[in-house]
Amino acid sequence: MKEGFRQAMAWLHTWAGLILGWLLFAIFLTGTLAYFKSETSRWMQPEIPVRSVSAETSLTVAQHYLEQHAAGASHWLIELPGARRQGLSVHWEAAAGKPGQHGEQLLDPLTGTEVHPRETLGGEFFYRFHFELQMPYPWGRWLASIAAMLMFVALISGIITHKKIFKDFFTFRPRKGRRSWLDGHYAVGVLVLPFHLMITYSSLVMFMMMVMPAGILAVYKDNAQTFYQEALPEDEVRPAVGNPGQLLSLAPLLEQANRLGTGGRVAEVTVNHPGDANASVVMAFDGADRVVHDFGRTVTFDGVTGRQLDATPERSLPVAIAGSFFGLHMGHFASPVLRWLYFLCGLAGTAMIGTGMVIWVGKRQLKHAQSAGMPLELRLVDVLNIASMSGLMLAVATYFWANRLLPVAMAGRSDWEVNGFFIVWGLSLLHAMLRRGRAAWVEQLALAALLFGAVPLLNALTTPYHLGMSLAQSDGAMAGFDLACLASGLFFAWSAWKIRRSGRTQAVSTKRPRSMVLEQEAN
Amino acid sequence: MNAKPRTLPVSYRLAVASRVLAAVFGGYLVAALVSVSLSLWLPGARAEAVVIGMMTSFLVYLLAVIWCFACASAWRAWFGLMVPGLMLAALAGLAHGMGRP
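One line per chain: the protein sequences are A and B, in this order. For the first sequence, our numbering gives the first residue as 1, with consecutive numbering after it. For the second sequence, our numbering gives the first residue as 524, with consecutive numbering after it.
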């Protein structure tokens with residue numbers, strides 16, 4: 001490590017990138033898919049009707065349902081439908097000492113009838129996986145945070161290594177084999193560099209209270225709860241008095257909350273102690289109208305008189321700055337065009353990680369080109385590359401296929417969709433171990449091409465919402481999902497074809513017996 | 524640098540391992556001490572100071588990791604973390620002695 005600063009940073013970039021590169025690839029890909037969480041859920045639960053009704057109408061429908069089915073509950077929670085969210089869901093919690101009164105129900109926001117869609121996690125699965133990694137709390141979050149820190153180190157050391165970063169960006173040399181991979185790595189890295197920096201640093205900020213609690217401990221000792229109350233003050237909840245009171249109609253309160261103009265649409269309504277003289281109504285804003293994410297900003301009304309009781313104060317500047325990192329990371333504020341841009345930036349990040357891993361193997365393969373065998377560590381990285389990249393694509397496709405093919409009434413079907421995802425991912429690892437190098441890439445990508453490309457067909461055969469209909473009705477989420485899958489299928493087919501062809505040209509140019517070439521390609 | 528692992532001397536490997544330990548654990552410790560010192564010394568509401576301290580700490584961690592691999596030797600990597608670490612610890616101790624929050 002005496003070769004100078006840039007060489008040292010190149011070393012750091014290589015190894016910091018490699019250690020959790022496979023995990024980072026999966027985190028980036030599933031996180032990118034999570035930008036279309038609502039749209040994915042919409043595709044995966046086609047039974048939920050799309051309605052355009054006002055929030056007031058939905059709220060009245062929900063109140064009517066809850067008064068009939070959960071009158072004695074201690075809390076009601078109503079999640080209102082939004083521009084990207086179909087269905088109206090209501091939850092209720094039992095009053096103390098009255099067990100059995102606990103439940104949730106999805107309603108048609110127009111008619112108030114119960115809706116029973118197929119059981120699935122929908123887009124929520126990708127969202128959860130990208131920071132919980134299907135691990136018990138808090139291990140997945142810790143591992144994801146460690147991966148984020150390594151990503152941060154790899155990014156900054158990568159920037160230092162390639163100080164001629166903008167010159168490199170304009171020297172893309174296609175069809176030059178390994179050189180093209182490297183240029184591609186620079187291109188997707190530099191093009192959306194601000195996005196990479198923002199997404200990586202913000203992911204650390206999002207978990208800062210978990211991974212860097214020293215400051216909280218030093219100032220608040222063992223009263224961490226006090227810190228949360230001071231940093232993010234919440235409206236107080238009045239206790240019940242025990243005398244009955246007539247709950248007001250909620251819709252006018254919603255109008256009143258919107259008129260306060262503190263920002264955004266009311267997304268959730270909580271009613272504390274409905275039917276009590278001390279009932280209170282908490283309106284929570286979704287904050288999707290601005291970049292700074294606000295952690296549950298609310299306004300509270302008296303449920304009987306309608307008087308405003310409380311409202312969340314403006315956040316302090318440091319909390320607002322932290323909130324802006326949350327907001328930028330999640331992109332809830334993004335309009336459709338910006339959301340697609342987010343999605344493309346996420347794909348670029350995924351591609352940057354993927355090309356980096358391929359380059360790692362490629363560079364080292366050169367040294368072993370003349371020998372028959374490949375060192376174990378190279379083979380290991382190669383197998384993990386295949387399973388973590390093309391294998392993950394197969395797993396994602398399986399998740400969508402399972403959603404359409406598993407019987408709607410099957411017990412535990414939502415779990416089986418997820419199991420399908422992991423079983424296929426495991427099988428892809430097995431396949432990568434048995435088949436060698438290029439052959440494994442080509443076969444897995446070809447299968448992914450088939451599975452993704454056929455999603456519109458699968459959708460047309462299993463539901464009435466085929467492309468012809470969704471396009472005619474300009475149902476953006478349904479049609480967009482089908483078309484995005486079709487585009488992915490075409491991309492995978494092209495990649496499989498390219499990789500297969502580049503193997504052939506190599507075989508011709510080296511003029512070696514086919515069997516030997518195959519052996520070498522595997523290395 | 525990692526061209527032929529088999530030919531690398533043991534001393535080199537130990538030095539790399541030492542740098543990695545310094546970067547991972549030493550770096551985290553310095554970052555945590557920065558967040559503690561900022562939390563204790565920044566003026567204004569204490570919750571705000573804590574939030575600023577936490578947000579800054581990751582940048583410090585990053586710099587510490589870069590330092591550990593950029594400096595000339597593994598000893599220097601440790602030394603370069605130890606000095607600011609002790610200074611920050613003294614600063615935090617001073618705040619504690621003065622009865623700041």
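The beta carbon of each residue, even a glycine, is placed where N, CA and C say it ideally should be. It should be emphasised that the depicted structure is a prediction, and the values quoted were computed from it without experimental measurement.
Item, Value
"The beta strand (DSSP E) enclosing Ala587 of chain B, as first and last residue numbers", "No beta strand (DSSP E) holds Ala587 of chain B; the alpha helix (DSSP H) holding it covers 569-593."
"Proximity below 8 Å, CB of Gly275 of chain A to CB of Pro244 of chain A", "yes"
"Where His526 of chain A falls: helix, strand or coil (DSSP)", "The displayed coordinates of chain A run from 1 to 523. Any statement about residue 526 of chain A would go beyond what the structure contains."
"First through last residue of the alpha helix (DSSP H) which encompasses Val557 of chain B", "550-564"
"Cutoff 8 Å; reference Asp289 of chain A; Cβ partners in own chain excluding five residues on either side", "Gly263, Gly264, Arg265, Phe333"
"Cutoff 7 Å; reference Lys2 of chain A; Cβ partners in own chain excluding five residues on either side", "Confidence in Lys2 of chain A is poor, its pLDDT being 43 and thus under 50, which makes the residue's placement too unreliable to answer from."
"Buried or exposed (CB count within 10 angstroms, at least 16 for buried), Arg307 of chain A", "exposed"
"Every unbroken alpha helix (DSSP H) within the region 474-498 of chain A, with a cutoff of 4 residues, ordered by chain", "none"
"Ser580 of chain B and Val547 of chain B closer than 8 Å at C-beta", "no"
"Any C-beta of chain A under 8 Å from that of Val559 of chain B", "yes"
"C-alpha gap between Gln86 of chain A and Ser502 of chain A, whole angstroms", "46 Å"
"Collapsed DSSP secondary structure at Leu78 of chain A in the structure displayed", "Checking the displayed sequence, the identity of residue 78 of chain A turns out to be Ile instead of Leu. Three-state result, Ile78 of chain A: strand."
"Residue-level contact to chain A via CB, Met524 of chain B, 8 Å cutoff", "In this predicted model, Met524 of chain B has a pLDDT of only 43, less than 50, meaning its place in the structure is not dependable; the value taken from the coordinates is given anyway. Cβ-Cβ to chain A under 8 Å: yes for Met524 of chain B."
"Under 9 Å from the C-beta of Ala615 of chain B: neighbouring residues of chain A", "Ala218"
"Top-ranked residue by Cα proximity to Leu232 of chain A, from B:Leu585, B:Val573, B:Leu611", "B:Val573"
"Assigned secondary structure, Met605 of chain B (DSSP; H/G/I helix, E/B strand, else coil)", "helix"
"Rounded separation between Pro239 of chain A and Ala70 of chain A - CA only", "19 Å"
"is_contact[Gly562 of chain B, chain A] using C-beta, thresh 8 Å", "It should be pointed out that residue 562 of chain B corresponds to Ser in this sequence rather than to Gly. Cβ-Cβ to chain A under 8 Å: yes for Ser562 of chain B."
"Beta-carbon proximity check, Val271 of chain A vs Met283 of chain A, cutoff 8 Å", "no"
"Meets three-Cβ-pair contact criterion under 8 Å: the region 29-46 of chain A and the region 127-138 of chain A", "yes"
"Phe285 of chain A (DSSP reduced to helix, strand or coil)", "strand"
"First and last residue of the uninterrupted beta strand (DSSP E) at Ser89 of chain A", "88-93"
"Within 8 Å, strictly: CB atoms of Leu121 of chain A and Leu133 of chain A", "no"
"Bounding residues of the beta strand (DSSP E) (the contiguous stretch that carries Leu525 of chain A)", "The shown model of chain A, from 1 to 523, leaves out residue 525 of chain A, and the question about it has no answer."
"Whole beta strand (DSSP E) elements within the region 217-284 of chain A, 3-residue minimum", "266-272"
"Inter-residue spacing [alpha-carbon to alpha-carbon] between Ile138 of chain A and Asn223 of chain A", "In the sequence on display, residue 138 of chain A carries Pro and not Ile. Near 20 Å, if we compare the C-alpha coordinates of Asn223 of chain A and Pro138 of chain A."
"For Val418 of chain A, the first and last residue of its enclosing alpha helix (DSSP H)", "413-434"
"Contact with chain A by Ser580 of chain B, beta-carbon distance below 8 Å", "yes"
"Through-space distance from Thr305 of chain A to Ser280 of chain A, alpha-carbon basis", "10 Å"
"Backbone CA spacing between His75 of chain A and Leu341 of chain A [nearest angstrom]", "40 Å"
"Assigned exposure category for Ala83 of chain A - 16 Cβ within 10 Å defines buried", "exposed"
"Contacts that Glu230 of chain A makes with chain B (C-beta to C-beta distance below 8 Å)", "Ala568, Arg569, Ala570"
"Distance between beta carbons of Gly17 of chain A and Gly303 of chain A, contact taken as under 8 Å", "Their Cβ separation, rounded to whole angstroms, is 55 Å, which puts Gly303 of chain A and Gly17 of chain A out of contact at 8 Å."
"Neighbour flag for Asn523 of chain A against chain B, beta carbons, 8 Å", "For Asn523 of chain A, the predicted model reports a pLDDT of 30, less than 50, meaning its position is unreliable; a value from the coordinates is still stated below. False, the Cβ-Cβ gap to chain B never drops below 8 Å."
"Residue closest to His273 of chain A, alpha-carbon to alpha-carbon, out of A:Leu247, A:Ala55, A:Gln229", "A:Leu247"
"Within-8 Å CB hit, Leu585 of chain B to chain A", "yes"
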